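K.L.:
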Amino acid sequence: MNYIKESLSQVFGNKPTRPDKSKQPEALKEIYASKRGKLTKAALEAVELEHHGTFFRKWQRRRWITLILVNVLFLVSYKFDVQLLEGAMTASRFIGFHFADLNSALQVMLAYKHVVLNLVIGTTTVFVMWLLLGGRTFCSWVCPYHLLSEWAEYLHLWLVKKKIVKNHTFHRKTRSVFYVIFALLALLSGYTVFETISPTGIVSRAIIYGPGLALIWVGALLLFEVFYSRRAWCRYVCPIGITYAVVGTMSPVRVSYNAEACHHEGDCRKVCLVPHVLDLTIRGMAHDVNQDVGSDCTRCGMCVDVCPTDSLNYKIKGLDKFL
Amino acid sequence: MSDSGKTRKPALSTRRKASSRREFIRSAMLATGVVTLSLAGLLPVMAGTVNRLRPPGALKNLKNEQKFLAACIKCGQCVQVCPVNAIKLADLDEGVGLGVPYIDAREQACDFSCDGLQCVLACPTGALTHDLDYPADARMGFARLARPESCLAVQGKGFKGVARGKDFKGVLRYDEIDRWNPIPVAEHPYDLELCDLCVRQCPIEIRITQCVEKEKQRDAARKAGTLARVAEEFGNECPPRHAIELRPVSSEDSEGNSVVRMLPTVLDGCVGCGVCEMICPVDGEAAIVVDDDKQTNWG
Numbered sequence: 001m002n003y004i005k006e007s008l009s010q011v012f013g014n015k016p017t018r019p020d021k022s023k024q025p026e027a028l029k030e031i032y033a034s035k036r037g038k039l040t041k042a043a044l045e046a047v048e049l050e051h052h053g054t055f056f057r058k059w060q061r062r063r064w065i066t067l068i069l070v071n072v073l074f075l076v077s078y079k080f081d082v083q084l085l086e087g088a089m090t091a092s093r094f095i096g097f098h099f100a101d102l103n104s105a106l107q108v109m110l111a112y113k114h115v116v117l118n119l120v121i122g123t124t125t126v127f128v129m130w131l132l133l134g135g136r137t138f139c140s141w142v143c144p145y146h147l148l149s150e151w152a153e154y155l156h157l158w159l160v161k162k163k164i165v166k167n168h169t170f171h172r173k174t175r176s177v178f179y180v181i182f183a184l185l186a187l188l189s190g191y192t193v194f195e196t197i198s199p200t201g202i203v204s205r206a207i208i209y210g211p212g213l214a215l216i217w218v219g220a221l222l223l224f225e226v227f228y229s230r231r232a233w234c235r236y237v238c239p240i241g242i243t244y245a246v247v248g249t250m251s252p253v254r255v256s257y258n259a260e261a262c263h264h265e266g267d268c269r270k271v272c273l274v275p276h277v278l279d280l281t282i283r284g285m286a287h288d289v290n291q292d293v294g295s296d297c298t299r300c301g302m303c304v305d306v307c308p309t310d311s312l313n314y315k316i317k318g319l320d321k322f323l
Numbered sequence: 001m002s003d004s005g006k007t008r009k010p011a012l013s014t015r016r017k018a019s020s021r022r023e024f025i026r027s028a029m030l031a032t033g034v035v036t037l038s039l040a041g042l043l044p045v046m047a048g049t050v051n052r053l054r055p056p057g058a059l060k061n062l063k064n065e066q067k068f069l070a071a072c073i074k075c076g077q078c079v080q081v082c083p084v085n086a087i088k089l090a091d092l093d094e095g096v097g098l099g100v101p102y103i104d105a106r107e108q109a110c111d112f113s114c115d116g117l118q119c120v121l122a123c124p125t126g127a128l129t130h131d132l133d134y135p136a137d138a139r140m141g142f143a144r145l146a147r148p149e150s151c152l153a154v155q156g157k158g159f160k161g162v163a164r165g166k167d168f169k170g171v172l173r174y175d176e177i178d179r180w181n182p183i184p185v186a187e188h189p190y191d192l193e194l195c196d197l198c199v200r201q202c203p204i205e206i207r208i209t210q211c212v213e214k215e216k217q218r219d220a221a222r223k224a225g226t227l228a229r230v231a232e233e234f235g236n237e238c239p240p241r242h243a244i245e246l247r248p249v250s251s252e253d254s255e256g257n258s259v260v261r262m263l264p265t266v267l268d269g270c271v272g273c274g275v276c277e278m279i280c281p282v283d284g285e286a287a288i289v290v291d292d293d294k295q296t297n298w299g
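These protein sequence lines are chains H and W, in that order.
Mapping to this note's numbering: the first sequence position 10 is 10, numbers consecutive.
Mapping to this note's numbering: the second sequence position 101 is 101, numbers consecutive.
Rendered as structure tokens:
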């Protein structure tokens, strides 16, 4: 219950709650105390160097392949009429089963104010699927805009390093404000206003049905992210992220943190799309020795890849009981 | 150690205060900017410039596509199932109509060669209403002889050759050639004494002719005492009303002689599929076009 509450609070833009030091378990306090003065720069660099050679970027590789495969499957299904995955990211049919993106479906329901059975089936299927797979897993493992934005992010970080551009942050509550505004706009105007500017739908349709003028808007967004604000759309605007983050609060697929070996050097937070979920890796910020990362996490695995001490890992809650 | 950060709020330095104020202003500007841009998508709709020929069963009525635009989830499944690729998805210039399906009849009309209204069946949200069972129930639009002066039938002319030139990409199903696969119009030359392409290729008229044929077979089967199939028995796919015919009209030529001309006349069985507009062999704009419908009332 605490996980859900804390996750939701973070999703809607609040800072992660600081742990009450009197309630932190003794084991955790001992771990923190034992590290005092031991985490030298040289030791850290040695661990990182060793880590680089082993399985660096394993999850990123798997994720990119998955994301590209899913989007190519959409394209191939249409172009060669294999009928495996028909439709686009907003709604599709996978071997005949209805799938409807939760946020697009919500926009349609609010605007049209009428729900047909097919949409109920599609929405339920997708809800259950992401409930099992982690919620925002959609963002990093499937959403085609995410990959474009990830590439733009590398360019942005390079420009920042060269001191050519500066990153500008926005308040994280802006995304919640957008969520309410877009829901209200659909309800009041009777049109699916968000769908017009959603790069997820635009890029997905462009891949399947061919490019159009709408890609200019996507290009503008990417330029904004490269030159002004890192990952701005996913971090501060996109309501799809909120929808799936809410689903993810109840999902067993999570990234789990173990404080024991952690160096608290913060490499994980540097690569993270939603670094607030990793605030628990800051020294003194964990609530327990083992703690799950909040559901705003996209389960992209960048932190798992980058962590030199194996302190962050995927886990499936409850699975250990069966094994 | 235990009470720090719990009772007192950490005082922000002036610099951090200023930076958080700047962040707030930036966030407000971002919100205003993105919302304004998304609202700009409503402009083409309010200007009424986005009304177009939509796939069969679209939830719309004359000059009001609001329900259709709202109910459509912009996935393009209708595009994928159409055997003649008649359906396209609108672009950004149509604002909130972005990703919504439309048909450009002159380029490629819906000829119902799927028989079963595949796009309606594919639609996951009911934006193409499932109340529609047969092509003859559709009302996508309504044909109109917009340029009678260029109509070959009106001029009393025949037509020889391929209807839209050899480079035309459009396809049609010609039952007599291939019952299941549409072929390019450019591969099907005509030789007509009087051009009647709009009537000849009208899917409703073709179906009515087939139904008459079926009825004859049914009656023969009944007479012979053999059992006809249910569909033959009831003929429930048969369009109840004619869609178009060539009507003779008397007029005078330049020398004052009375002549009889054939005038393509649209009847109330027209479903607005646009085949007549596509097949019309005159150069440029077709003599007969499908208007945005005046009688649809699915919404």
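Every residue gets a Cβ at the ideal spot worked out from N, C-alpha and C, and that includes glycine.
All figures in this text were calculated on a predicted structure; none of them were measured in a lab.
Taking three-plus beta-carbon pairs below 8 Å as touching, is the segment 278 to 293 of chain H in contact with the segment 126 to 146 of chain H?
P.N.:
no
K.L.:
Please classify P16/H: is it buried, with 16 or more other beta-carbons within 10 angstroms of its beta-carbon, or exposed?
P.N.:
buried
K.L.:
For G161/W, report the span of its beta strand (DSSP E) as first-last.
P.N.:
159 to 161
K.L.:
Run down chain W in chain order and give the residues with a C-beta less than 9 Å from the C-beta of S92/H.
P.N.:
One finds C75, Q77, P124 in chain W with Cβ atoms closer than 9 Å to the Cβ of S92/H, taken in chain order.
K.L.:
Give a yes or no on whether the minimum CB-CB distance between Y145/H and chain W is below 8 Å.
P.N.:
no
K.L.:
Within the segment 255 to 302 of chain H, note down every full alpha helix (DSSP H) run reaching 4 residues or more, in order along the chain.
P.N.:
267 to 271
K.L.:
Go ahead and pull the three-state DSSP assignment for H130/W.
P.N.:
coil
K.L.:
Considering only the alpha carbon of each residue, which of D291/W, D292/W, A287/W lies closest to S150/W?
P.N.:
It is A287/W whose Cα lies nearest to the Cα of S150/W.
K.L.:
Measuring straight from C-alpha to C-alpha, what distance separates Y174/W and S198/H?
P.N.:
41 Å
K.L.:
Please confirm whether V226/H has its beta-carbon closer than 8 Å to some beta-carbon of chain W.
P.N.:
no
K.L.:
To the nearest angstrom, how far is the alpha carbon of T90/H from that of G141/W?
P.N.:
28 Å
K.L.:
Buried or exposed: R52/W, going by 16 or more other Cβ atoms within 10 Å of its Cβ?
P.N.:
Of the other Cβ atoms in all chains shown, 16 or more fall within 10 Å of the Cβ of R52/W; this residue is therefore buried.
K.L.:
At a Cβ threshold of 8 Å, is D91/W touching chain H?
P.N.:
yes
K.L.:
Does the beta-carbon of D101/H have 16 or more other beta-carbons within 10 angstroms, so that it is buried, or is it exposed?
P.N.:
buried
K.L.:
Going by DSSP in three states, I177/W sits in which element: helix, strand or coil?
P.N.:
Residue state, collapsed to three classes: coil.
K.L.:
Looking at the structure shown, is F97/H part of a helix, part of a strand, or coil, going by DSSP?
P.N.:
strand
K.L.:
Could you pull the start and end residues of the alpha helix (DSSP H) that P101/W belongs to?
P.N.:
Counting along the chain, P101/W falls outside any alpha helix (DSSP H), though it belongs to the beta strand (DSSP E) covering 101 to 103.
K.L.:
What does a CB cutoff of less than 6 Å around M302/H pick up in its chain, not counting 5 residues either side in sequence?
P.N.:
Cβ neighbours of M302/H beyond the five flanking positions: V271.
K.L.:
How long is the line joining the alpha carbons of V226/H and R205/H, rounded to whole angstroms?
P.N.:
23 Å
K.L.:
If you draw a straight line from the alpha carbon of L131/H to that of I242/H, how long is it in whole angstroms?
P.N.:
14 Å
K.L.:
Exposed or buried, which one is S22/H when buried takes at least 16 other CB atoms within 10 Å?
P.N.:
exposed
K.L.:
Which chain H residues are close to L30/W, counting only those with a beta carbon under 7 Å from its beta carbon?
P.N.:
F170, T174, Y236
K.L.:
Rounding to the nearest angstrom, what Cα-Cα distance links C276/W and C72/W in this structure?
P.N.:
27 Å
K.L.:
What are the uninterrupted segments assigned as alpha helix (DSSP H) that are 4 or more residues long and contained completely in the segment 46 to 114 of chain H, given in chain order?
P.N.:
58 to 79, 102 to 112
K.L.:
Less than 8 Å between the CB atoms is what I'm expecting for E245/W and T265/W, so what's the real figure, rounded?
P.N.:
6 Å
K.L.:
Going along chain W, which residues have a C-beta under 7 Å from L213/H?
P.N.:
D91, L92, D93
K.L.:
Using 8 Å as the Cβ pair cut-off and three pairs as the minimum, do the segment 24 to 41 of chain W and the segment 175 to 183 of chain H touch?
P.N.:
The answer is yes - the segment 175 to 183 of chain H touches the segment 24 to 41 of chain W, with three or more Cβ pairs under 8 Å.
K.L.:
Do you know offhand how far Y257/H's Cα is from G37/H's?
P.N.:
Our two residues, Y257/H and G37/H, have alpha carbons roughly 22 Å apart in a direct line.
K.L.:
What would DSSP say about F142/W, mapped onto helix, strand or coil?
P.N.:
strand
K.L.:
Just the chain H side, please: which residues come within less than 8 Å of F24/W by C-beta, in chain order?
P.N.:
Result: H171.
K.L.:
Of all the options C238/W, I25/W, D91/W, which has the alpha carbon lying nearest to the alpha carbon of A214/H?
P.N.:
When C238/W, I25/W, D91/W are compared, the shortest CA-CA separation from A214/H is found for D91/W.
K.L.:
If you compare alpha carbons, which of V237/H, M285/H, W64/H, L44/H is closest to G33/W?
P.N.:
V237/H
K.L.:
Taking N14/H as the reference, give the member of V304/H, G284/H, F74/H, H276/H with the closest Cα.
P.N.:
Measuring from the Cα of N14/H, the nearest candidate turns out to be H276/H.
K.L.:
Contact between the segment 247 to 264 of chain W and the segment 104 to 116 of chain W is defined here as three or more beta-carbon pairs at a separation below 8 Å; is this criterion met?
P.N.:
Contact between the segment 247 to 264 of chain W and the segment 104 to 116 of chain W is absent, because fewer than three Cβ pairs lie under 8 Å.
K.L.:
According to DSSP, what are the bridge partners of L246/W?
P.N.:
In the DSSP output, where bridge partners are listed per residue, L246/W has P264/W.
K.L.:
Roughly how many angstroms lie between the CA atoms of R139/W and F24/W, to the nearest whole one?
P.N.:
52 Å
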